[in-house]
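Take a look at the structure set out below.
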Amino acid sequence: MEYCKVIIVGGGVAGLGAAKTLGPNVNYLLIEAQDYLGGRILTIDAAENVAVDVGAQFIHGKEKNILYEICEQLSCISDDSNNIENGVLVILSDGTKLDPEIMQKARLVWEDIVEEAQAKFGDTTIPAHYSLADYLQKHLKERLLSSLSCSDNIIDGLIDYFNSSELIENGCLSLSDLSLIGKVYNFQSYIYACLYYSEYGSFEYLDGEDEYEFKNGGYRPFISYMKSFIPDDNRIRLNSEVIRVKYLEDSHQLLVHIRHHNKTNEEKISTILCDHMIWTSSLGYLKENFSSIFSNEIELIEQKQTAINNLGFDTINKIAMVYEKSFWPEENHLIILLHTQKQKLLALVESLKALLNTKETDIQTIIEAIHMYEALSSTEVPVLICWFGGPAALLLENLSEKVIGQICHEVLCSYLNISSELNQPKHVLKSEWYKNRFVRGSYSYCSTKSRTKDREQLRTGYAPDGIPRIQFAGEATHAKFYATVHGALESGIREGTELLSIINK
Ligand SMILES: Cc1cc2nc3c(=O)[nH]c(=O)nc-3n(C[C@H](O)[C@H](O)[C@H](O)COP(=O)(O)OP(=O)(O)OC[C@H]3O[C@@H](n4cnc5c(N)ncnc54)[C@H](O)[C@@H]3O)c2cc1C
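Residue numbers (the UniProt record's numbering): 1 to 505.
Here it is in structure tokens:
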């Protein structure tokens, strides 16, 4: 039977970070279920000269950010990143522009409320499962009404927009599931800066800009750089899913069953023996497969199952539309839509149903969720990215790229009050992070069920003979930087370093 010292499960950032740390002298194999390295980092060529990151897109923070340091050395970070505050256009249902001063004031109200929410952290009088939605519902509307002299419709549109953006930032299905005692975002000059964290959720925001963008090519140079530390391709097995792991008491080894699949979907099962394993799959994958893969390891299941159940993991998705020429005001890199007229929205739904020749009832949920179009600054080719969170992010996975692209395009043209015929998108790209059965969503968050110890329990190694045999990495295991690429990278380095110290003892 094939043997290697270490198996790294997963070729995302955490797995690549572990491989780099172990170095060429450790006999490891990196087993990846999909046909590429990068996992939730996936850069796709949407058209000639247009690379789009359909997963992670930004680097969050600069100081003490190991990811930033690497990418700066690789010269792949865009110089434009600091200009993100400029050029935001907010449009109402009737096509009029919202006065930037009103948006500014609304943002300040939002910031105040977030600050108050922060002050509630650690308040023992707060019910244990108090969510961000509970807090916002109680305070946001009343405060916006008293601070802004604008109509109810605009206030509702603003609330809708803030809520929707919050869903995307946190990757949760509903704000009712987002623990108030977790991470909370703030809309600073229309960008999202994570200002607050609690001892409980313990998300930590690094100094510097919240969103550094990449040059054209996106995250690709970073993934190539990480791969360059793997001495040869024989160390990597793509299209190979670890489906069962059993600890053998006699030999103190792990018996690992792997399902290989090729393009014709033929399957083959193989087994490998190893002394150690670093497991890096997403929390979404663990939620679905943990108990079956480790069914022989009762203690391991007892150690982690509650944490896996408690921590949150839902889906966000994005749509990229590539155009021949831009038809939106060039100075605007971000276009925000406020759905201020229900009637207009319903009319739009009906006209789109007719245009697409469908009775699809979900279209309304999808249109209601459209709030933000971001112009990709990394390429000369005009590209708009539309972000989706909440239930709409799941629903759009059932639509074709053509249909969802058309919906996003028509909605924007209707708000801009221009003909949709003249400027059809040339290409549309859609992410499907929930349908991807090796990921099952986007990133982890602190749900109202989460407990202080969950992330720690998730990363604790399994040591059936007193020596850690199975270690756990991946973004969800990071105490402070969960949900991020730098968190995933640090987690892989953490476990690689620990394993080296065990091996070298
Ligand atoms: C749409 C979206 C936008 C995002 N935006 C940002 C952003 O702007 N900035 C940021 O910092 N972060 C962002 N993130 C989060 C970031 O992408 C992740 O935190 C990070 O990439 C996770 O890396 P990982 O190695 O922990 O997990 P993954 O990337 O999920 O890697 C795990 C790998 O394990 C493989 N695998 C799973 N099960 C098995 C098995 N049984 N056998 C073999 N292989 C297996 C999977 O195929 C996968 O490749 C975003 C994520 C999404 C989805």
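From the three backbone atoms N, C-alpha and C, an ideal C-beta is built for every residue, glycine too.
What do you reckon, is the C-beta of residue i under 8 Å from a heavy atom of ligand 1?
i, result
"Gly217", "no"
"Gly87", "no"
"Glu475", "yes"
"Val52", "no"
"Lys318", "yes"
"Thr452", "no"
"Gln34", "yes"
"His486", "yes"
"Ala479", "no"
"Thr280", "yes"
"Phe438", "yes"
"Tyr443", "yes"
"Asn265", "no"
"Tyr285", "yes"
"Val90", "no"
"Gly492", "yes"
"Gly38", "yes"
"Phe58", "yes"
"Gly12", "yes"
"Ala483", "yes"
"Gly15", "yes"
"Glu297", "no"
"residue 512", "The structure shown does not extend to residue 512, since the chain is modelled only from 1 through 505, so no value can be given for it."
"Ser240", "yes"
"Ser431", "yes"
"Asn289", "yes"
"Ile230", "no"
"Gly496", "no"
"Val9", "yes"
"Ile102", "no"
"Gly55", "yes"
"Ile269", "no"
"residue 509", "Within the shown structure, residues of the chain are numbered from 1 to 505, placing residue 509 beyond reach of any answer."
"Ile308", "no"
"Ile243", "yes"
Need the endpoints of the beta strand (DSSP E) that residue i sits in, please.
i, result
"Val90", "88-92"
"Asp314", "312-314"
"Cys4", "2-9"
"Lys318", "317-322"
"Tyr445", "443-445"
"Ile66", "Not the beta strand (DSSP E): Ile66 falls in the alpha helix (DSSP H), residues 66-73."
"Leu37", "Note, Leu37: premise wrong, no beta strand (DSSP E); not H, not E."
"Trp428", "The sequence shown places Val at residue 428, not Trp. Note, Val428: beta strand (DSSP E), 427-430."
"Ile31", "28-31"
Between which two residues does the alpha helix (DSSP H) carrying residue i extend?
i, result
"Asn163", "152-170"
"Lys20", "13-22"
"Ala476", "No alpha helix (DSSP H) holds Ala476; DSSP gives it neither H nor E."
"residue 538", "Absent from the structure is residue 538, since the part of the chain shown begins at 1 and ends at 505."
"Ala56", "Careful: Ala56 lies outside any alpha helix (DSSP H) and carries neither H nor E."
"Ala133", "132-147"
"Ile44", "Element bounds for Ile44: not the alpha helix (DSSP H) but the beta strand (DSSP E), 43-47."
"Leu458", "454-459"
Using a Cβ distance threshold of 8 Å, determine whether the region 462-479 contacts the region 317-333, with at least three qualifying pairs required.
no
Stretch pair the region 45-58 + the region 210-219: three plus CB contacts closer than 8 Å:
yes
Within the region 326-407, ranges of the beta strand (DSSP E) (whole runs, at least 3 residues)
334-338, 372-375, 383-388
Whether or not the region 484-493 and the region 10-21 are in contact is what I'm after, with contact meaning three or more pairs of Cβ atoms, one per stretch, closer than 8 Å; do they touch?
yes
contact_flag[the region 299-316, the region 438-445] where n(CB pairs < 8 Å) is 3 or more
yes
Between the region 86-99 and the region 458-474, are three or more C-beta pairs nearer than 8 Å?
no
Within the region 226-291, ranges of the beta strand (DSSP E) (whole runs, at least 3 residues):
240-248, 253-261, 267-279
Does the count of Cβ pairs from the region 324-334 and the region 348-358 closer than 8 Å reach three?
no
Three or more C-beta pairs under 8 Å: does that hold for the region 423-443 against the region 298-309?
no
Any chance the region 275-295 sits against the region 416-423, with 3 or more Cβ pairs inside 8 Å?
no
Validate contact between the region 361-381 and the region 335-344 using beta carbons, cut 8 Å, 3 pairs
yes
Given 8 Å, three or more beta-carbon pairs between the region 94-110 and the region 246-254:
no
Can you find at least 3 beta carbon pairs, one from the region 97-116 and one from the region 131-143, that sit closer than 8 Å?
yes
Sufficient close CB pairs (3 or more, under 8 Å) joining the region 164-171 to the region 383-399:
yes
Can at least three beta-carbon pairs, one atom from the region 444-463 and one from the region 26-44, be found at a separation below 8 Å?
no
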